[in-house]
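In the order they appear, the protein sequences are chains A and B. Going by this note's numbering, the first residue of the first sequence is number 22, and it counts up by one from there. Going by this note's numbering, the first residue of the second sequence is number 7, and it counts up by one from there. Ideal Cβ placement from N, Cα and C applies to all residues, glycine included. Only a predicted model underlies this, so the values are computations on that prediction, with no experimental measurement involved. Reviewing the structure listed below.
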Amino acid sequence: MNKTHKILALLALAAGATAATPTLAGGHAYGPFPASYIEECASCHVAYPPQLLTAPGWAQVMLQLDQHYGVDAGLDAKRRTAIADFLQRNASRRDKHAATAQPPRLAQTPWFRKEHGPLPQQAGKTLPAAAQCESCHRAAEHGDYTESGLRLPAGYRHMEH
Amino acid sequence: MKLTAHALLAALATTALLAGGSAQALTAADYQSVLIAAAKAAEPGFAGFSAERGAAFYRSTHGGDWSCASCHTEQPTQPGSHAVTHKQVKPLAPAANPERFTRADKIEKWFKRNCNDVLKRACTPREQGDFIAYLLSVK
């Protein structure tokens, strides 16, 4: 898997990948994120990497902030527009990052499922909820999902695919 | 009423800006004085805020699933934990966290959200003032 990632990164470089997003070689370091994104989208959970969900998914999230996965995350129009723009600019353009659930979740995309196997949507005794990225990726707060930050909770057995 | 509070706040923020050169000059006590004016306008018999009422408000689930304590803990000088995501929430009491109640836009944003989540409606100026009075009373 890691080899594949490296090869992909090299291929991307070779192809002169447009570097439109902060996702550069090495793959899984997505941060640092702009202060406004941290301020508005990282109070209740880690700032999720925009690159792991497609543009339609983000658009939908930003249209329903008053009813956001069971809580009110409402924002005034000015801030909402600025953040929606940031998410659109950095969203994934690959089908594998398209949400397979409603409302859209980056923890429910074909890519996430392949990378993680089945993770519960709600935290249990041994496993954190899939959306609690930071419980396994200890540097998730900074958008860093590289392997060096990975600490698996007891009771988690990673499925190989 | 809401407009009154808002206009007052804007005025206050401007004063704070002129006086201190920074929007950070707002304190919980400043915010309380704005809420007093709004509460008077809303309730003719208004006789001041009460930390005791605020404590009860803080712990009540108001007929729903959550209370303010669900995320801000029983002891607001302690860090809390978000009821759904378990992310840590810094202490709400200004004695433990001096950044609290220093930005009007932030205070308003979270009152709107969290009152909706807990009470399924906006909090009144008196409820907000009682709540802050309670938080100021815990050391």
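Taking Cβ positions, are residue i and residue j nearer each other than 8 Å?
i         : j         : result
A/Pro-124 : A/Gln-85  : yes
A/Leu-171 : A/His-158 : yes
B/Leu-32  : B/Thr-130 : no
A/Thr-130 : A/Lys-146 : no
A/Thr-121 : A/Ala-50  : no
B/Arg-132 : B/Glu-58  : no
A/Ala-175 : B/Arg-119 : no
B/Phe-137 : B/Tyr-64  : yes
Does residue i get closer than 8 Å to chain A when you measure Cβ to Cβ?
i         : result
B/Thr-91  : yes
B/Arg-109 : no
B/Gly-127 : Contrary to the premise, residue 127 of chain B reads as Arg rather than Gly in this sequence. Taking Cβ atoms only, chain A never reaches closer than 8 Å to B/Arg-127, which makes this a no.
B/Arg-106 : no
B/His-68  : no
B/Asp-136 : no
From the beta carbon of residue i, is the nearest beta carbon of chain B less than 8 Å away?
i         : result
A/Gln-129 : no
A/Val-92  : yes
A/Gly-95  : yes
A/Cys-65  : yes
A/Ala-56  : no
A/Gln-123 : no
Given a threshold of 16 other Cβ atoms within 10 Å of its Cβ, counted over all protein chains shown, does residue i qualify as buried or as exposed?
i         : result
A/Trp-79  : buried
B/Thr-91  : buried
B/Ser-28  : Confidence in B/Ser-28 is poor, its pLDDT being 48 and thus under 50, which makes the residue's placement too unreliable to answer from.
A/Pro-149 : buried
B/Pro-82  : buried
With residue i as the anchor, note down where its alpha helix (DSSP H) starts and where it stops.
i         : result
B/Phe-137 : 131-143
B/Ala-102 : No alpha helix (DSSP H) holds B/Ala-102; DSSP gives it neither H nor E.
A/Lys-99  : 98-111
B/Ala-89  : Per DSSP, B/Ala-89 belongs to no alpha helix (DSSP H) and is neither H nor E.
For my contact list, residue i and residue j are in at a C-beta cut-off of 8 Å; report their separation, rounded to the angstrom.
i         : j        : result
B/Val-144 : B/Cys-74 : Not confirmed; about 13 Å, so no contact.
B/Pro-85  : B/Pro-97 : 6 Å
B/Ser-87  : B/Cys-77 : 7 Å
B/Tyr-140 : B/Gly-54 : So it is not a contact: roughly 13 Å between Cβ atoms.
Indicate, with yes or no, if the ligand SAM has a heavy atom lying under 7 Å from the CB of residue i.
i         : result
A/Phe-107 : Of ligands this structure carries none, so the ligand SAM is not represented either.
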